[in-house]
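Residues 1086 to 1169 (this note's numbering) are what the sequence shown spells out, left to right.
Yeah, the Cβ is synthetic: ideal placement off N, Cα and C, and Gly gets one too.
To start, the structure itself, in structure tokens.
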Amino acid sequence: MSAASTSSGGVWAASWRRLKTDRVGVVSMGIVGAFLLVVLLAATNLVASGWQKEVGVPNAPPTFVGPQPAEDTGAIATPTGPNV
1086 MSAASTSSGG VWAASWRRLK TDRVGVVSMG IVGAFLLVVL LAATNLVASG WQKEVGVPNA
1146 PPTFVGPQPA EDTGAIATPT GPNV
């Protein structure tokens, strides 16, 4: 038996070779990598460190872009006089 024995590169090398040729697989791997990067940055408090901080006014009416000035709310003025 003088035939040269060829050994394969292994299961992981073959799977990596197949993954590199799959365009959807490479894009998906990039998206998963981006999610892992965000998780690591959040775990080290570099991103979203103050997510538990209360920055809004509780029980405020909903607005489109932000708080509206008091004169633009269209609220009905409270009448003065006796409470009947």
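Query                                                                                                                                                            : Result
Would DSSP call residue 1138 helix, strand or coil?                                                                                                              : coil
Would you mind reading off the limits of the alpha helix (DSSP H) that contains residue 1106?                                                                    : 1096 to 1106
Assuming residue 1111 and residue 1104 are in contact, meaning their beta carbons sit under 8 Å apart, how far apart are those beta carbons, in whole angstroms? : 7 Å
Would you report the Cα separation of residue 1102 and residue 1126, rounded to the nearest angstrom?                                                            : 30 Å
Taking only three categories from DSSP, how would you classify residue 1110?                                                                                     : helix
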